[in-house]
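**Student:** Attaching a single structure in C-alpha cells format; questions to follow.
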Amino acid sequence: MLSRRDPFREMISLRDAMDRLVDGAFLSRPSQWDTDILSMAMDVSETEEEYLVKASIPGINPDDLDITFEGNTLTIKGEVKEEREEEEARYHLRERRFGRFARSVSLPSDVNPDNIQANYESGVLTLHLAKAEEAKPKRISVRSTESSKMIEAETK
C-alpha cells in the first residue's frame, strides 16, 4: 500500500513534544523566586443591596488573613504555612502548596466600609460588602399631566 508523505507532520509532532517539555518544566511547579505562589479562585456577585465575594482558600488559619478595603478595591492577603514534621520523611508526591498569596478586585460602585462582614468556613472565605446608599438603585416616579397614569423608572 502506498501512502503520501506529509513533511509537515514531523514538524507538528516536534512542536507538540517541545510544548509538552516547556509546559512540564515551567508550569507544573512554582518558582522558588515567586512571592505570591498560591492562586485564589474567586466569585464576585452583586445584588441591589450588596456585593458577595467567595474565595477558595483551603488550609489557611483565618488569623493569617489580611483583608483590606480602600477606594473601591478589596484586597485579600495571607499565607498558608508549611506543616513542619518532627521526623524527616521522604515524599513520593507533594502537590500541596504553601506560601503567601494576594488578590485584589475592584468593585464597580461604592461600598459602605462600615458594613463589611467576613466568614471563613470549610476552606471558603465569604465576604458581604453592603453598598453605600448612594450606590443603590432608586425608584423615580414620573407623572404625566396628560393622563392620570404613573410611570415608574429605575436608575442606577
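If you read the sequence shown in the numbering used here, its first letter stands for residue 2, the second for the next number, and so on. The beta carbon of each residue, even a glycine, is placed where N, CA and C say it ideally should be. Since the model is a prediction, treat every value here as computed from it, not as a measurement.
#1: State the start and end residues of the unbroken beta strand (DSSP E) segment that holds Phe102.
#2: Trp34: buried (16+ other C-beta within 10 angstroms of its C-beta) or exposed?
#3: If you scan the segment 59-123 from start to end, which runs of the alpha helix (DSSP H) of 4 or more residues do you find wholly inside it?
#4: Which same chain residues end up closer than 8 Å to Asp111 when comparing Cβ atoms and leaving out the 5 residues on each side of it in sequence?
#5: Can you look up Met19 in the DSSP assignment and give me helix, strand or coil?
#6: Could you check which residue in Glu50, Ser40, Leu15, Glu47 has the C-alpha nearest to that of Arg98?
#7: Could you tell me if Pro138 is buried or exposed, where buried requires 16 or more neighbouring beta carbons within 10 angstroms of its beta carbon?
#8: Roughly how many angstroms lie between the CA atoms of Ser142 and Glu49, to the nearest whole one?
#9: Inspect the beta-carbon positions of Tyr158 and Leu126 and report whether they are closer than 7 Å.
#10: Please state whether DSSP places Ile141 in a helix, a strand or coil.
#11: I'd like the list of long-range same chain contacts for Glu161, defined as Cβ closer than 7 Å, with 5 residues on each side in sequence excluded.
#12: Are there 16 or more other CB atoms within 10 angstroms of the CB of Ala90, so buried, or fewer, so exposed?
#13: Using the three-state DSSP reduction, which class does Glu135 fall into: helix, strand or coil?
**Tutor:** Reading it off the structure:
#1: From DSSP, the beta strand (DSSP E) with Phe102 extends over 100-107.
#2: Since pLDDT at Trp34 reaches only 41, below the 50 mark, its modelled position is unreliable, and the value read off the structure follows with that caveat. So Trp34 counts as exposed.
#3: Fully contained in the segment 59-123 is no alpha helix (DSSP H) run of length 4 or more.
#4: Asn73, Lys132, Ala133, Glu135, Ala136.
#5: Three-state result, Met19: helix.
#6: Arg98 has its Cα closest to that of Ser40, out of Glu50, Ser40, Leu15, Glu47.
#7: Residue environment analysis places Pro138 among the exposed positions, since fewer than 16 neighbouring C-beta atoms fall within 10 angstroms of its C-beta.
#8: A direct Cα-Cα distance of roughly 19 Å separates Ser142 from Glu49.
#9: Residue 158 is absent from the model: the chain starts at 2 and stops at 157.
#10: Reduced to three states, the DSSP call for Ile141 is strand.
#11: The structure shown does not extend to residue 161, since the chain spans only 2 to 157, so no value can be given for it.
#12: By the 10 Å Cβ count, Ala90 comes out exposed.
#13: In the structure shown, Glu135 sits in a helix (DSSP, three-state: H, G or I).
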